[in-house]
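Protein chains in written order, with the working numbering: chain P, 428 to 826; chain Z, 428 to 826. Each remark here refers to the structure printed beneath this line.
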């Protein structure tokens with residue numbers, strides 16, 4: 428046996444509360460105070476509030492300095508509390524991936540919602556109409572005349588005007604209509620429909636966001652945005668009532684904000700950051716560190732019988748697995764990670780710079796923040812070692 | 428534009444209920460009837476009840492015919508309704524991956540719980556004690572003396588006897604103590620502790636479960652189980668009070684049930700099945716079809732501007748991504764799939780045998796069932812095209 432247990436005795440609590448008490452306070456909606464990170468059940472999702480607040484402020488200042496609007500994306504966090512911080516920092520509204528995210532944000536009092544994914548379902552058209560009745564500034568995207576017609580029919584029946592953004596494909600081959608004539612034709616179609624108000628162009632280039640190297644990324648984003656922006660300009664020349672051009676990711680915030688014509692940014696991941704974004708390289712160097720890695724997953728070492736590895740209680744259900752690399756432990760240089768199954772992760776220690784003991788609680792930076800957050804029901808917010816707030820991830824789950 | 432919209436008009440409902448009505452009935456706890464699959468919001472998780480019931484029965488019959496116990500694993504489904512079906516088919520109890528899963532099952536009235544992952548946290552030792560106070564037949568695993576001592580201290584303080592299974596590593600290098608002398612020493616340690624009742628051996632070989640080819644898989648499982656079974660036998664010879672030897676996956680149910688000494692099986696995935704298990708090959712052929720693929724994800728085609736592909740509203744948050752292959756559409760031969768981001772999947776149609784239209788709703792078999800189920804809050808149960816029940820996935824999320 429290579430390692431003995433941690434000496435934290437049963438009932439030893441860093442700070443007064445038992446898990447039962449934490450849970451009771453959560454149930455009752457009361458805040459928690461005096462709870463230490465290590466009091467929490469694992470796996471848990473933690474957010475360092477100091478780093479998070481700095482991230483929100485950095486982006487808000489950048490946007491203000493470039494006179495560009497922010498409508499940050501909630502698909503990253505699905506959490507009204509995060510959205511409220513973004514709004515307080517001057518955001519025009521919140522972008523959402525789904526109707527249900529928009530409904531959740533609206534219920535929390537957030538306005539200026541932009542649903543950035545196409546919908547193509549009678550029930551979702553109806554939900555969009557109901558949402559717009561309560562929040563008339565809600566916007567949705569279309570990339571096909573059929574969606575526009577269906578939305579118009581629903582809007583007529585529901586007695587509302589729907590705000591529509593034309594989704595143009597930046598050669599991303601995911602959603603969006605082709606720039607140029609096809610987009611112009613669809614814009615005219617939308618403009619002609621009685622209960623649709625054409626508001627602008629939506630153009631998000633996921634492919635640009637993770638291009639490694641700042642100069643390569645800048646070139647990629649500028650090339651991708653060129654035709655859609657030219658189409659936007661032609662719409663304006665034609666007198667179509669387009670005011671907004673929304674795009675931009677965390678990877679391109681300081682690229683797209685310098686491109687003439689883009690009026691607002693929908694970057695989202697910057698609030699949390701993740702390993703994937705760290706790797707793309709920044710303006711100044713190999714690590715993209717404009718924003719702080721504020722989000723971690725807390726895990727317990729649950730098995731420690733092999734000298735070369737430690738087994739954790741965090742596996743495929745604790746981290747998203749869509750990237751080619753795993754999570755990285757905070758403060759343990761040289762350690763590796765491999766998946767050990769649904770509920771297990773393996774920390775490989777051959778080259779690790781620190782000992783790891785059975786019962787230790789370790790924090791990990793996730794490979795990809797958005798789908799990792801989606802695995803949890805709440806974010807434990809910390810300052811130093813203290814848990815100071817708990818934010819429910821209200822828009823998680825499919826509705 | 429390669430494809431026009433589906434003609435299902437707004438307000439057209441296959442069967443009477445609007446989504447609002449479905450949701451209201453769900454909220455009120457009432458059942459739903461007359462709701463059609465296509466009425467559901469997407470992405471949604473569907474379970475074909477006829478196939479599911481056949482799977483439960485097939486496994487129960489096999490276990491009965493081999494006189495081996497079943498304690499099926501709930502990490503697959505996290506759903507008390509599924510567990511109830513397994514209990515009704517003769518299961519001895521339910522295996523769980525986590526304390527919170529066990530708590531959820533216990534609250535639903537399920538007994539005979541076996542928590543198959545090590546715990547190493549003061550709060551979780553306390554929770555195990557509380558759970559055992561209410562459900563005295565609950566079992567937990569240990570693979571290190573420290574866990575045993577901590578559990579015993581908690582049991583003394585809580586005034587309960589804890590049932591302990593010794594977790595032996597089948598050369599899987601994930602959890603478990605080494606077979607032979609190390610395991611025997613730990614078994615004696617556990618047996619000596621005042622408030623721990625040694626009940627048996629836990630030995631799960633994840634590596635065997637997905638070995639391709641029945642004969643190779645049989646050889647792998649027999650080799651992996653040999654030393655742990657020999658250790659189990661030595662424990663019995665020594666007079667240690669071990670009765671249970673629990674192991675076995677869906678991939679090895681008809682292998683391990685023929686191995687002398689294994690007393691019960693904890694297979695779980697067989698209730699739903701997934702593409703990964705289909706690929707391992709069965710006793711009789713290249714496709715493992717002993718159990719039916721009963722679980723699907725329902726998705727809507729939300730963008731259809733390219734002739735070679737259709738964009739779906741199901742991406743990294745709708746399917747687990749831990750396998751090297753993506754989901755497969757039901758009934759569309761030759762179509763491929765690639766990930767399109769958090770909320771998007773791309774169906775590639777170059778070689779597809781059927782047309783796919785904007786607004787179509789398609790079902791997909793998931794690559795890996797357990798972490799896919801974990802992304803949803805409820806299972807919509809169907810018979811034919813009708814949704815007949817809705818089962819909450821109560822143990823989802825980390826607690």
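Cβ atoms here follow ideal geometry from the backbone N, Cα and C, with glycine treated the same way.
8 Å Cβ cut-off: residues of chain Z touching residue i
| i | result |
| --- | --- |
| residue 604 (chain P) | 732 |
| residue 785 (chain P) | 547, 571, 573, 574 |
| residue 502 (chain P) | 769, 770 |
Same chain only: Cβ atoms within 6 Å of residue i, ignoring 5 sequence neighbours per side
| i | result |
| --- | --- |
| residue 531 (chain P) | 821, 822 |
| residue 812 (chain Z) | 463, 464 |
| residue 565 (chain P) | 540, 558, 559 |
| residue 634 (chain P) | 599 |
| residue 585 (chain Z) | 556 |
Own chain residues within Cβ distance below 7 Å of residue i, not counting five before or after
| i | result |
| --- | --- |
| residue 508 (chain Z) | 818 |
| residue 433 (chain P) | Confidence at residue 433 (chain P) is low in this model, with a pLDDT of 35, below 50, so its placement is unreliable and the value that follows should be read with caution. Contacts found: 784, 785, 786, 787. |
| residue 691 (chain P) | 495, 496, 497, 498, 519, 671, 673 |
| residue 762 (chain P) | 756, 774, 775, 776, 779 |
| residue 610 (chain P) | 593, 595, 604, 658 |
| residue 617 (chain P) | 569, 575, 591, 593, 623, 625 |
| residue 770 (chain Z) | 740, 742, 744 |
Residue-level contact to chain Z via CB, residue i, 8 Å cutoff
| i | result |
| --- | --- |
| residue 441 (chain P) | Here the model assigns residue 441 (chain P) a pLDDT of 46, short of 50, so the residue's position is not dependable, and the following value carries that caveat. With 8 Å as the cut-off, residue 441 (chain P) does not count as an interface residue toward chain Z. |
| residue 771 (chain P) | yes |
| residue 531 (chain P) | no |
| residue 688 (chain P) | no |
| residue 703 (chain P) | no |
| residue 525 (chain P) | yes |
Below-8 Å beta-carbon distance, residue i vs any chain P residue
| i | result |
| --- | --- |
| residue 680 (chain Z) | no |
| residue 571 (chain Z) | yes |
| residue 550 (chain Z) | yes |
| residue 614 (chain Z) | no |
| residue 468 (chain Z) | yes |
| residue 816 (chain Z) | no |
| residue 479 (chain Z) | no |
Residues near residue i by beta carbon distance below 8 Å, same chain, minus five either side
| i | result |
| --- | --- |
| residue 773 (chain Z) | 736, 737, 738, 739, 764, 765, 766, 767 |
| residue 716 (chain P) | 705, 709 |
| residue 517 (chain Z) | 487, 490, 491, 497 |
| residue 684 (chain Z) | 489, 490, 493, 495, 675, 692 |
Beta carbon of residue i nearer than 8 Å to that of residue j
| i | j | result |
| --- | --- | --- |
| residue 629 (chain Z) | residue 583 (chain Z) | no |
| residue 754 (chain P) | residue 792 (chain P) | yes |
| residue 707 (chain P) | residue 644 (chain P) | yes |
| residue 806 (chain Z) | residue 779 (chain Z) | no |
| residue 802 (chain P) | residue 747 (chain Z) | no |
| residue 677 (chain Z) | residue 651 (chain Z) | no |
| residue 570 (chain P) | residue 469 (chain Z) | no |
| residue 709 (chain Z) | residue 752 (chain Z) | no |
| residue 729 (chain P) | residue 545 (chain Z) | yes |
| residue 723 (chain P) | residue 473 (chain P) | yes |
| residue 627 (chain P) | residue 500 (chain P) | no |
| residue 697 (chain Z) | residue 482 (chain Z) | yes |
| residue 693 (chain Z) | residue 522 (chain Z) | yes |
| residue 660 (chain Z) | residue 679 (chain Z) | no |
| residue 606 (chain P) | residue 655 (chain P) | yes |
| residue 804 (chain P) | residue 824 (chain Z) | yes |
| residue 699 (chain Z) | residue 525 (chain Z) | no |
Proximal chain P residues relative to residue i, where beta-carbon distance stays under 8 Å
| i | result |
| --- | --- |
| residue 601 (chain Z) | 730, 738, 767, 768, 771, 773 |
| residue 635 (chain Z) | The contacting residues do not exist; residue 635 (chain Z) stays about 13 Å from chain P at best. |
| residue 471 (chain Z) | 825 |
| residue 749 (chain Z) | 743, 748, 766 |
Contact list for residue i against chain P, beta-carbon separation under 9 Å
| i | result |
| --- | --- |
| residue 801 (chain Z) | 743, 744, 769, 802 |
| residue 727 (chain Z) | 546, 547, 548, 551 |
Buried or exposed by the 16-neighbour rule on C-beta atoms within 10 Å, applied to residue i
| i | result |
| --- | --- |
| residue 809 (chain P) | buried |
| residue 714 (chain P) | exposed |
| residue 639 (chain P) | exposed |
| residue 588 (chain Z) | exposed |
| residue 612 (chain Z) | exposed |
| residue 711 (chain Z) | exposed |
| residue 597 (chain Z) | buried |
Partners in chain Z for residue i, counting only beta-carbon separations shorter than 7 Å
| i | result |
| --- | --- |
| residue 798 (chain P) | 743, 744, 769 |
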